[in-house]
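See below for the structure under consideration.
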Amino acid sequence: MQCELQENSSREAKGFHTWLCSYDVKNGSNASNISTGCPMFQDNLHQSLLDDSTPYTPSPEHRFFTYITPVIAVLGIVGNSVSLMVFLSKNMRKLSASMYLIALAISDIMSLLLYVLPEWLKHGEPLLSGYSWPSLLQTNGVCKSVLYIQYIARFLSSWFVVFFTIERFIGVCFPLRRKDLCDHRSASRVILGAVVVAAAGCVFKPVLSGSFPTISGAMLCTSDKDNQYLSFILDSTFGVIITFIPFILITVLNVFIIRRLVLRNKRSRKIRVVTKESIIRLEFTFILLAMSICFVALNLPYFAVWCKRYWKIRQMFKMHMMSPNTLQIHDDNISNLDDALHVTRTIFYTNYCINFFLYSVTGAYFRKELKHLFCKPDKNITVSYAHRCSANKTGAHSMASPQTSLL
Numbered sequence: 001m002q003c004e005l006q007e008n009s010s011r012e013a014k015g016f017h018t019w020l021c022s023y024d025v026k027n028g029s030n031a032s033n034i035s036t037g038c039p040m041f042q043d044n045l046h047q048s049l050l051d052d053s054t055p056y057t058p059s060p061e062h063r064f065f066t067y068i069t070p071v072i073a074v075l076g077i078v079g080n081s082v083s084l085m086v087f088l089s090k091n092m093r094k095l096s097a098s099m100y101l102i103a104l105a106i107s108d109i110m111s112l113l114l115y116v117l118p119e120w121l122k123h124g125e126p127l128l129s130g131y132s133w134p135s136l137l138q139t140n141g142v143c144k145s146v147l148y149i150q151y152i153a154r155f156l157s158s159w160f161v162v163f164f165t166i167e168r169f170i171g172v173c174f175p176l177r178r179k180d181l182c183d184h185r186s187a188s189r190v191i192l193g194a195v196v197v198a199a200a201g202c203v204f205k206p207v208l209s210g211s212f213p214t215i216s217g218a219m220l221c222t223s224d225k226d227n228q229y230l231s232f233i234l235d236s237t238f239g240v241i242i243t244f245i246p247f248i249l250i251t252v253l254n255v256f257i258i259r260r261l262v263l264r265n266k267r268s269r270k271i272r273v274v275t276k277e278s279i280i281r282l283e284f285t286f287i288l289l290a291m292s293i294c295f296v297a298l299n300l301p302y303f304a305v306w307c308k309r310y311w312k313i314r315q316m317f318k319m320h321m322m323s324p325n326t327l328q329i330h331d332d333n334i335s336n337l338d339d340a341l342h343v344t345r346t347i348f349y350t351n352y353c354i355n356f357f358l359y360s361v362t363g364a365y366f367r368k369e370l371k372h373l374f375c376k377p378d379k380n381i382t383v384s385y386a387h388r389c390s391a392n393k394t395g396a397h398s399m400a401s402p403q404t405s406l407l
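All the letters of the sequence shown, read from the start, carry residue numbers 1 to 407 under our numbering.
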């Protein structure tokens with residue numbers, strides 16, 4: 001199989017395309033998808049990389065990805081489904097923060113079904129049942145649709161955490177503006193706006209991708225060979241938008257939230273509001289802090305390895321001549337990073353399943369509502385819970401105005 005690059009392609013794009021053809025077929029990298037328009041090289045190195053008969057011995061990191069990813073997917077789908085039911089309950093759904101968490105649960109489920117599971121079927125499942133591409137996912141229509149929806153879901157999963165952080169930031173730092181900016185109507189507009197932006201911003205992926213024949217003749221969902229370099233650049237930009245930028249915003253806003261809570265605690269040791277709604281809002285803040293810490297912790301290793309790998313690839317762009325020996329050195333270096341990427345990407349997938357456990361650990365009221373789903377409701381449970389919180393803090397029975405509320 002022989003393909004030709006466009007005559008006006010830059011030397012940088014040619015170098016990228018040549019190396020990516022050999023590297024991605026060998027390693028199954030999803031950084032820029034697998035090239036299908038690869039020239040058949042004559043030297044032994046390139047030929048071995050493209051030879052389907054060449055045996056592949058999976059690394060421990062690849063096995064880690066293979067065995068852990070389906071566990072994450074199952075736990076995530078079940079956990080997010082239960083979380084969705086809890087936040088849709090009568091006591092929870094009336095709060096604007098719940099709307100963001102409802103939207104987050106839906107986007108996480110979509111990411112697990114259309115991103116994590118297809119990636120595992122593509123790069124992990126063959127280790128268990130033998131090498132084979134899921135044929136349905138490789139058809140052109142399904143390929144484009146799945147890529148489009150998975151990019152939208154991944155974008156929304158990251159940015160709904162940011163919007164939830166902003167909502168809590170306003171509630172804690174600007175309580176007088178909370179009723180104007182943090183209501184159901186505002187939350188609905190933000191969520192709808194995010195969906196529209198995601199739908200428009202991710203349209204590049206199905207446009208630049210499709211189902212193309214590989215060297216062996218099998219169909220593969222990947223980027224078009226004529227747009228390989230552009231797809232790589234846009235994928236890299238997308239990666240920054242869903243990891244680095246949310247990472248910075250969440251970190252900065254949480255610093256302000258923690259600072260405000262510490263200062264407020266120094267001014268008064270008494271919680272003046274003991275209503276059911278104020279208790280839920282306080283727990284939402286604790287949930288946010290836990291989610292933010294986990295978001296940063298689970299994203300940082302993956303983003304660091306991804307950046308280093310990206311930098312290595314950029315170094316290859318600067319090479320005007322690539323001999324087989326030079327290519328082998330770069331291939332070995334980036335293969336080591338790809339092993340690390342298997343582990344950190346699996347850890348990153350935990351973002352889509354961990355929220356249910358964070359809600360359960362940090363939210364006492366969430367646990368109460370969760371219990372209602374599986375046990376007979378206790379009509380006095382809410383009253384007793386609010387009374388217990390009140391008695392432990394002040395014993396006061398007066399109601400405070402919005403200006404004196406904790407959140």
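Cβ atoms here follow ideal geometry from the backbone N, Cα and C, with glycine treated the same way.
**Prompt:** In terms of alpha-carbon separation, which member of 246, 184, 137 and 209 lies closest to residue 92?
**Reply:** 184
**Request:** Check whether the Cβ atoms of residue 290 and residue 362 lie closer than 7 angstroms to each other.
**Result:** yes
**Message:** So if DSSP puts residue 60 in a beta bridge, which residue, or which two residues, is it bridged to?
**Reply:** Residue 60 pairs with nothing; no bridge assigned.
**Meets three-Cβ-pair contact criterion under 8 angstroms: the stretch 112-131 and the stretch 166-179** = no
**Request:** Give the C-beta separation of residue 282 and residue 309 to the nearest angstrom, bearing in mind that I take them to be a contact with Cβ-Cβ under 8 angstroms.
**Result:** With 8 angstroms as the limit, residue 282 and residue 309 do not qualify as a contact, their Cβ atoms being about 42 angstroms apart.
**Prompt:** Around the C-beta of residue 90, are 16 or more other C-beta atoms found within 10 angstroms, so that it is buried, or is it exposed?
**Reply:** By the 10 Å Cβ count, residue 90 comes out exposed.
**Prompt:** From which residue to which residue does the beta strand (DSSP E) around residue 219 run?
**Reply:** 219-223
**Request:** Output yes or no for whether 7 angstroms exceeds the beta carbon distance between residue 234 and residue 224.
**Result:** no
**Item:** Among 155, 186 and 150, the one whose alpha carbon lies nearest that of residue 411
**Value:** For the chain, the structure presents residues 1 to 407; residue 411 sits outside this window and is missing.
**Message:** Tell me the residue span of the alpha helix (DSSP H) that contains residue 188.
**Reply:** 184-201
**Message:** So, at 6 angstroms on beta carbons, what are the nonlocal neighbours of residue 163 in its own chain, with the 5 sequence-adjacent residues on each side left out?
**Reply:** The beta carbon of residue 163 sits closer than 6 angstroms to those of 100 and 190, all from its chain and outside the five residues before and after it, given in chain order.
**Message:** Could you check whether residue 243 and residue 65 sit closer than 7 angstroms to each other, using their CB atoms as the reference points?
**Reply:** no
**Between the CA atoms of residue 364 and residue 263 - distance to the nearest angstrom** = 24 angstroms
**Message:** Can you give me the C-alpha to C-alpha distance between residue 416 and residue 70, rounded to a whole angstrom?
**Reply:** There is no way to answer for residue 416, as the model of the chain reaches only from 1 to 407.
**Item:** C-alpha distance - residue 294 paired with residue 300, whole-angstrom precision
**Value:** 10 angstroms
**Request:** Have a look at residue 350 and residue 356 and give me their C-alpha separation to the nearest angstrom.
**Result:** Rounded to whole angstroms, residue 350 to residue 356 spans 11 angstroms at the Cα level.
**Item:** residue 96 (DSSP reduced to helix, strand or coil)
**Value:** helix
**Item:** residue 413 in three-state terms, based on DSSP
**Value:** Nothing about residue 413 can be read from this structure; the chain reaches only from 1 to 407.
**Request:** Please name the residue, chosen from 292, 221 and 245, that lies closest to residue 256 on a Cα-to-Cα basis.
**Result:** 292
**Prompt:** Just reading off the beta strand (DSSP E) that residue 210 is part of, what are its end residues?
**Reply:** 209-213
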